[in-house]
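Reading through the structure tokens given below for one structure.
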Amino acid sequence: MANDEAQSPLTGEVLEEEMELTLVELCRACQVPAERVIEIVAEGVIEPLGRDPAHWRFQGVNVQRIRFVLRMEHDLGVNIAGAALALNLLEELEELHARLRYEDDNNL
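Numbering (this note's numbering), first residue to last: 20 to 127.
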């Protein structure tokens with residue numbers, strides 16, 4: 020039982036990365052209308068799989084990206100493009116931190 024509990028967070032991460040949502044499911048998860056998601060897609064914050072909104076599929080991680088944009092808009096009055104820029108910069112910063120940790124751990 021203890022082994023199952025120790026593995027469950029990792030399993031949750033894998034499922035989130037592999038999970039796909041329709042436009043309707045994504046809207047429900049983020050509590051926004053489809054028009055808002057379409058605006059966010061148009062700004063390049065998230066990239067759907069599929070050729071048109073009726074066939075779009077989104078990775079589970081996009082729920083977090085949309086929620087970040089919505090928080091930036093609400094809390095700071097930032098528009099979608101500004102939130103996208105902030106999100107990209109934060110992701111780059113996380114990558115640099117990970118690279119530094121790797122180099123420190125491997126004495127590079």
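Beta carbons are placed, not taken as given, at the ideal position from N, Cα and C, and that holds for glycine.
Beta bridge pairing from DSSP links Q78 with E39.
Contact annotation: I65 and N81 have beta-carbon atoms nearer than 7 Å.
Annotated as distal: A117 and E62, with beta-carbon spacing of 7 Å or more.
The beta carbon of W75 sits closer than 6 Å to those of L42, P67, G69, all from its chain and outside the five residues before and after it, given in chain order. Within 10 angstroms of the beta-carbon of R120 lie fewer than 16 other beta-carbons, which makes it exposed. Looking at the DSSP output, L68 bridges to R76.
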